[in-house]
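Numbering (this note's numbering), first residue to last: 711 to 804. Comments concern the structure below.
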């Protein structure tokens with residue numbers, strides 16, 4: 711009789727452990743599912759943001775290329791510098 715009680719306790723213990731194991735598995739699976747849903751939502755937002763960011767960057771790069779495509783007219787700047795030097799010499803000589 712005592713032996714059977716111990717056996718049932720052991721069996722109950724094994725059942726409880728196995729049930730706990732499966733319960734943990736189920737809980738982990740559900741939490742993983744929810745996490746994946748959240749990740750999908752987040753990843754969708756991230757993809758949109760990344761897309762808009764990349765579009766902005768590409769637009770800026772194109773704008774810079776267009777702006778730098780024509781050589782800047784530096785001779786105006788040089789002549790202005792020359793004039794200012796001449797003026798400064800005249801002012802200093804007076």
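Glycine included, every Cβ here is placed at the ideal spot set by N, Cα and C.
Would you kindly work out how many angstroms separate the C-alpha atoms of residue 767 and residue 743, rounded to a whole number?
Going from the Cα of residue 767 to the Cα of residue 743 covers about 35 Å.
From residue 758 to residue 750, what does the alpha carbon distance come to, in whole angstroms?
Their Cα atoms are separated by approximately 12 Å.
Would you tell me roughly how many angstroms separate the C-alpha atoms of residue 754 and residue 765, rounded to the nearest one?
Whole-angstrom Cα-Cα distance: 16 Å.
Where residue 771 and residue 745 are concerned, what is the direct C-alpha to C-alpha distance, given to the nearest angstrom?
So the two alpha carbons sit approximately 37 Å from each other.
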